[in-house]
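One structure is given here, and the rest of the page talks about it.
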Amino acid sequence: GSSTKGGASSSKPLVGVDYPRADTDFWNSYIKYVPQFAGQQGVTLKTTNSQNDISKLASNVQTLISQQVKGVVIAPQDTAAVKPTLQTLAAKKIPVVSIDTRPDSGKVFMIVRADNKAYGEKACRFLGTKLKGKGRVVDLEGDLTSINGRDRTDAFNACMKQNYPGITVVGEPTNWDQDTASRKLKTDLQGAPVNGVYMQASFALSGTLQALKQRGMLVPPSNPKHVYIVSNDGIPQELKDIKAGQIDATVSQPADQYAKYGLFYIKAAIDGKTFKPGKTDHGSTIIRTPQGNLEDQLPAPLVTLDGGSYGGITSVKPDDTSLWGNHLGG
Amino acid sequence: MVEAIGVTKRYGPTTALDAVGLSVAPGSTHALVGRNGAGKSTLVSVLTGLTPADAGTVRFHGRPAPHLADRDAWREVVACVYQRSTTIPGLTVAENLFLGRHPLRAGRLISWRELRRRARELLETWQVDVDVSRPAGELTVEQRQFVEIARALSFGARFIVLDEPTARLDGPAITRLFEQLRQLQRQGVTILFISHHLQEVFEICDTVTVFRDARHISTRPVAGLDESDLVADMTGEVRLPGAARSAAGDAADGGLLGAAPVMEARGLGLDGAYQDVDLTVRPGEIVGLAGIASSGRTEFAETVAGLRAPDRGTLEISGRPARPGDVRAAIRGGVGLVPQDRHHQGFVANLSVAENATMTVPERLGPAGTVRPSARDALARTLIDRLDIKTDGPRQPVDGLSGGNQQKVVMARALAGDPRLLVMVSPTAGVDVRSKETLLSNVARVAAEGTGVLIASDELEDLRGCHRVVVMFGGRIAAEHAAGWHDNEMVAAMEGIGHA
Amino acid sequence: MPDNATVTLPGMRRLPALARLRDLALIPAIIVVAIVGQAVNPVFLEGGNIINVLQTMSEIAVMVLAETLVLVAGKMDLSLEATFGLAPGIAAWICLPAGGSAHGLGWLGGAWSVPLTLLVGLAIGLLNSLLIVRFGLSAFIVTLGMQITLHGMLTGISGGKTFFNLPSSMLYIGTAEWGGVPVSIWLCLVLFAAGVGVLGWTRAGRSLYAIGGNTDAAKAAGIRTDRVLWVAITTASVLAAVGGLMLTGRLASVAAAQGTGDIFTVFAAAVIGGVSLNGGKGTVFGAFTGILLLYMIQNVLTLAGVPAQWIGAFNGAIILVALILSRITSGKRQE
Amino acid sequence: MPDNATVTLPGMRRLPALARLRDLALIPAIIVVAIVGQAVNPVFLEGGNIINVLQTMSEIAVMVLAETLVLVAGKMDLSLEATFGLAPGIAAWICLPAGGSAHGLGWLGGAWSVPLTLLVGLAIGLLNSLLIVRFGLSAFIVTLGMQITLHGMLTGISGGKTFFNLPSSMLYIGTAEWGGVPVSIWLCLVLFAAGVGVLGWTRAGRSLYAIGGNTDAAKAAGIRTDRVLWVAITTASVLAAVGGLMLTGRLASVAAAQGTGDIFTVFAAAVIGGVSLNGGKGTVFGAFTGILLLYMIQNVLTLAGVPAQWIGAFNGAIILVALILSRITSGKRQE
Ligand SMILES: Nc1ncnc2c1ncn2[C@@H]1O[C@H](COP(=O)(O)OP(=O)(O)OP(=O)(O)O)[C@@H](O)[C@H]1O
Ligand SMILES: Nc1ncnc2c1ncn2[C@@H]1O[C@H](COP(=O)(O)OP(=O)(O)OP(=O)(O)O)[C@@H](O)[C@H]1O
Ligand SMILES: [Mg+2]
Ligand SMILES: [Mg+2]
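Chains as they are written, first to last, in my numbering: chain W, 1 to 330; chain V, 331 to 830; chain F, 831 to 1165; chain P, 1166 to 1500.
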């Protein structure tokens, strides 16, 4: 989204949004939503793209500042290295909303994210329940250098160890690359039988399905050879695959909500509103983080075919209208 | 002064030097001669600390040679003009001259103005007229050779090695070089001089050492020695030189009768090189194209071979108008070329002798665009025998050959296609006496078989076998001599004395 | 086998028959790895696993073949990895239905997807040749620029999304099997065999070595250097497109990042396999052993379950070791 | 200015004084970009923005300087980007307290962090030299292997996490300002000035050109080629470490991926700036204009608010355009 016409009037304050990257399905839907909600929230946009490079983020914020933005929305993929940037913004008294990640230090007006640890937890509960606590599960991790990837991995492993010790987890880092993912999965399929796969992002989706298909392991749940697949993100394709019984579950990241509430809170900050911990009007809770910032923890629903409840985790059906994947052009 | 004892050097299976000894007396000018591949250049690179010997010792003034890594020390005891160009194309002439010893100013910074000034001075003493701030890569072969010589002699070393310094120089240039050498001799500088021009040896050397097949054969005073003795030592057989000449002579009778010219140039002109040149070459005819470097002979020859496109005039190869600047068309039209600078255009160093020799005749190597190694090697072997190339076999990479043998490979490449017109530019540069005979007698033979030959050169030996010699000066045809001319009239003509 | 193999094996000048040995330089290493792999995990030498290794390497291997052509001719192509992604990407984009989750254009029917892929490869190759051969720009930097541009274009047209539900014709070579062996393996082997033949025993092939070794000399010998270069560079891009098609088929999708970063592996494989970056040296077979070695080691590492965070360090160390191995076996300084 | 600059400017052969003009080849382009930038967004030429551009480019620029040394000497170093990340990474690892969120070792006090960074750079440089100069391995592939290994090591020691709460001494050059201008900018400019001086006006510097141009000739001219290469390659690695230190300071942290992918920008800048990949040609000042041009254009794109998913394509296109520009202005075919 490029900058909408018309400079910053007091009614429509100028807000800078830095997109973390443009080369994944998830962040692209975010990029699509931001301009849509900008109008709704009544802000004017200046956008930049830091291409998953924290030093680009720093200099992009600089350029936003020199363009007199009244507030900044960022999604720092490196929660430590963003500190100096936050300090600069604080010095300039420019409010910040952090999307998707929780900066390790520094002051932000609001953090808007769905807890990545919850993703891993939910995936673990689903698989654990389906596999009745025993079997071999391949965890197609993201990139070790990505905080979100690590949160999902840690939560998944911790939950497995604690609740389903009978399940062995084979962790495979994939650098978010589907070729690597499918290569490693195939190699793992060579060894002992695999009963479940946890894909930490939708990138590995079709590579995984192909790998299983090639070995004739893509069979309905009724068949004992069925491999349970949990994905993550909630892109339209995943929802289709769940309906088609190709995969069993996914965790839907609220891309639309990220955009909506990111802009909502920055506007609020500019208008001098304040918030405090507790339930919100949009089914989420605001908590105070150890760093003393506020964090609006958006729900990230587990999506399953039957919409049942697994290990105490409620899930929704793939056609649930609340899912962003269901009302998106593509 | 310098002493090499039992020096041995091997390259893979090839023995380049076999326990050779050489001792050069202080103040003497010592010639080192031998056939191509005898090991001269190898000894040079050992004597100048570029390659370590496998065995044996080198001593200067009775002291052992410096450590290989200690380049400065080497530079003090010996300066050298190598057979292969050691100028750096990207750097200016001035910097090439003073590489590693740039004049410095305050703060150990290089003074470029001073550098250029000294460079100009240095080149003036050699009457070389080049802009010293031009990159060396843009100089002509002759100019570059002078830059190398000037650099070597300017170190002020008391021992100087010259490996075929005259191979790339024309007449007047060689005279200039010798003047300088005589001066150095008067200053008591010791010189090791390598050349395939034996008369040069007799002209300025006092002692001569002969190598053959990597071994030391003889060391004798030049005085009272005659050419045939040397050749005998070099070749290991007693045989009179000049066979090439007579061979060419025979061809002369056979040739000339050929009707339609194989090459006909009318008012050919290339800006900045030569103007309205009319020249025809008939089947079986050997035409010499004489002239000094700047005469335009080389450019003209290259135009005939399709390496350059003329600006005006017409050029016909065996009756059909030539495609200007299309080498492939020229080759298919029956033209064979021996280019001037073998390292630049002559061969692909890391490919085998066979591949290089057959590069111009792909269609003979196999059906439908394929190459049958057996066929290629067979063809290559015949060429190797024909030109008597000293090599381990058709599959040896050309960069493993000695200078002269590389030149023969280039010749082979030109002859491979049995051309109707053979164009050669300084074909015998750096080729030993016997090989020179082989090359020239081959020229005579192909001529006898009806091929027209155009030899652009300033080497009198090259020209002697020609039926007629056309002399170019300043880009125009200045004179023409039938066979049987006298050396001095030819030299005079090349120098442009009498006209222009 | 190309005679220039002898170049890197001075000790063997007298034994032309052994010339091709240079190509086998990596075979010992490959055998060692095979033994180690088997020791590490008995699964290693099982047919299933070997096929798995071969199939996963087949796509990159085709790029290695392509790069070898270009390197032998004395040029470089860094944009292959991008062509590898963009060619199938554009085909999918044009052939997938517009709207819905497919986000394509729906201009052409699915049957067009394969020809389109090759066409895109061809077009990119011609553009590269134009800039490098015709305009005389530095191959390294032209193709670097192209690489970034083409990656960017894929992100652009896909909007960063992955193309799913591809036309079945695109999936064929990536999924079908002949005699229990995936088509992509067959295709890869056939292409390499062809490569060995062309570079070893045809004029055009030998002319690549001539040009890579000394362009001026090649010109003076009547080789149409420019034309040969055009052909080589363009063929390479088409091959990269084919490789991309193979991967697309195997993964039944085109990710916006397809190919990103692969060029490093490609170069590593070629050079370890004995191809010189200065042109004129190296063989197709050597390049094949190079990529095979790298993938076998990768597979062993995965089977050995090397701690995740150290995988990267291992991969690098491997390349270094393989390099030193090939240095020792060839006994010749490298440029 | 080095006379060899004339090389790429045949038209001016007779005017040595104008030789240095070749270095200015990109200046017109830079001016054009400045004008366009100003037109696009009046913010462009404001002091704040210019400082922002200079600071963000300063770290990479130091790597460009390093690469220039190596390229002029006829070698390559792909591992610089990894040294750029690993050097400060190891320093942080050793100096940060053990346990807790810091995940360091706590072996040494924070005061050691800067010397350590340089030391690591030195060590890597020596290792590279050993493999390239001493063992005669291909520089390209050695440093490629090193790059992957070193990246891997950083991931390994950091477990993929980012090092933060770094010792203050590490932050200084990245954060402090002198006269309102960040120290990193000063440092970058000083280093480049030194580079121009050394390569243009000292024998050591000129010997790099000689070696890059023709090693044998350089040897024959009495230059200790091996020693010079050791120094050049090692210096480059140390410079990369310095660059990494500057970035670390600016971001007050070392990310596990620091430097990844930067090498492409580095090469692009150097070559656009007129440095030849075949060695012996190019100047430090030229390289500086190269990186400056690239970063200015990037900044203009950001200010112009180019649609996110097309940024990549633009960046690549820019390199191509800049390349073609420099080709035109230099009027010489490139290798
Ligand atoms: N770099 C090398 N690699 C392999 N063999 C070599 C190498 N250099 C020289 N030789 C071999 O060593 C022998 C001697 O070569 P050298 O160049 O010394 O001969 P030369 O006497 O200089 O001949 P010319 O008069 O033609 O220069 C030749 O047979 C050559 O094949
Ligand atoms: N022996 C050889 N060594 C190196 N290159 C060669 C050799 N023979 C042919 N070539 C080159 O390989 C290419 C293909 O060879 P080929 O003879 O088929 O030419 P071509 O492309 O068919 O041209 P034409 O149609 O005019 O014959 C040509 O550029 C040719 O110059
Ligand atoms: Mg010699
Ligand atoms: Mg043909």
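Note that CB positions come from ideal geometry on N, CA and C, so glycine has one too. In this text, all values refer to a predicted model and were calculated from it rather than measured experimentally.
Please classify residue i as buried or exposed, where buried requires at least 16 other C-beta atoms within 10 Å of its C-beta.
i          : result
Ser576(V)  : With a pLDDT of 44 at Ser576(V), under the threshold of 50, the modelled position of this residue cannot be trusted, and the question is left open.
Gln246(W)  : buried
Val458(V)  : buried
Gln178(W)  : buried
Gly1344(P) : exposed
Ala346(V)  : buried
Lys46(W)   : buried
Gln62(W)   : buried
Asp583(V)  : Residue placement at Asp583(V) is flagged as unreliable, the pLDDT there being 49, under the threshold of 50; the coordinate-derived value follows with that caveat. Per the 10 Å Cβ criterion, exposed.
Ser11(W)   : exposed
Ser146(W)  : buried
Say the cut is 7 Å; is the CB of residue i nearer than that to a heavy atom of ligand 1?
i          : result
Gly369(V)  : yes
Gly599(V)  : no
Leu731(V)  : yes
Asp762(V)  : yes
Lys1049(F) : no
Ala361(V)  : no
Gly734(V)  : yes
Ala855(F)  : no
Tyr412(V)  : no
Lys879(V)  : Past the boundaries of the shown model lies residue 879(V); chain V is included only from 331 to 830, so the question cannot be answered.
Tyr1039(F) : no
Ala346(V)  : yes
Tyr341(V)  : yes
Would you mind stating whether residue i and residue j have Cβ atoms separated by less than 8 Å?
i          : j          : result
Gln191(W)  : Val873(F)  : It should be pointed out that residue 191(W) corresponds to Gly in this sequence rather than to Gln. In this structure, Val873(F) lies closer than 8 Å to Gly191(W) by Cβ.
Pro433(V)  : Arg450(V)  : no
Ile94(W)   : Gly71(W)   : yes
Met887(F)  : Leu1107(F) : no
Ile1332(P) : Gly1377(P) : Reading off the sequence shown, one finds Pro at residue 1332(P), where the question assumed Ile. No, the Cβ-Cβ distance between Pro1332(P) and Gly1377(P) is not below 8 Å.
Glu472(V)  : Ala623(V)  : yes
Thr520(V)  : Gly357(V)  : yes
Could you tell me the alpha carbon to alpha carbon distance between residue i and residue j, rounded to whole angstroms?
i          : j          : result
Met593(V)  : Arg612(V)  : 7 Å
Gly1481(P) : Ile1462(P) : 11 Å
Asp671(V)  : Thr470(V)  : 10 Å
His226(W)  : Val316(W)  : 22 Å
Thr973(F)  : Ala912(F)  : 10 Å
Query raised in the report: Unbroken alpha helix (DSSP H) runs of length 4 or more, entirely within the region 1400-1460 of chain P: which are they?
Result: Under the rule that a run must span 4 or more residues, the alpha helix (DSSP H) segments found entirely inside the region 1400-1460 of chain P read 1427-1437.
Requested in this report: Scan the region 439-517 of chain V and note each continuous beta strand (DSSP E) run of 3 residues or more that stays entirely inside, going in chain order.
Outcome: The DSSP assignment places complete beta strand (DSSP E) segments of no fewer than 3 residues inside the region 439-517 of chain V at 489-493, in order along the chain.
Requested in this report: Can you check the region 632-715 of chain V for any beta strand (DSSP E) of at least 3 residues that lies completely inside it and give the ranges in chain order?
Outcome: Runs of the beta strand (DSSP E) inside the region 632-715 of chain V: 642-647 and 665-668.
**Report entry** Segments of 3+ residues assigned as beta strand (DSSP E) that fall wholly inside the region 43-119 of chain W
**Finding:** 44-49, 71-74, 96-99 and 110-113
Requested in this report: Return the chain-ordered ranges of every beta strand (DSSP E) run that is complete within the region 905-971 of chain F and spans a minimum of 3 residues.
Outcome: none
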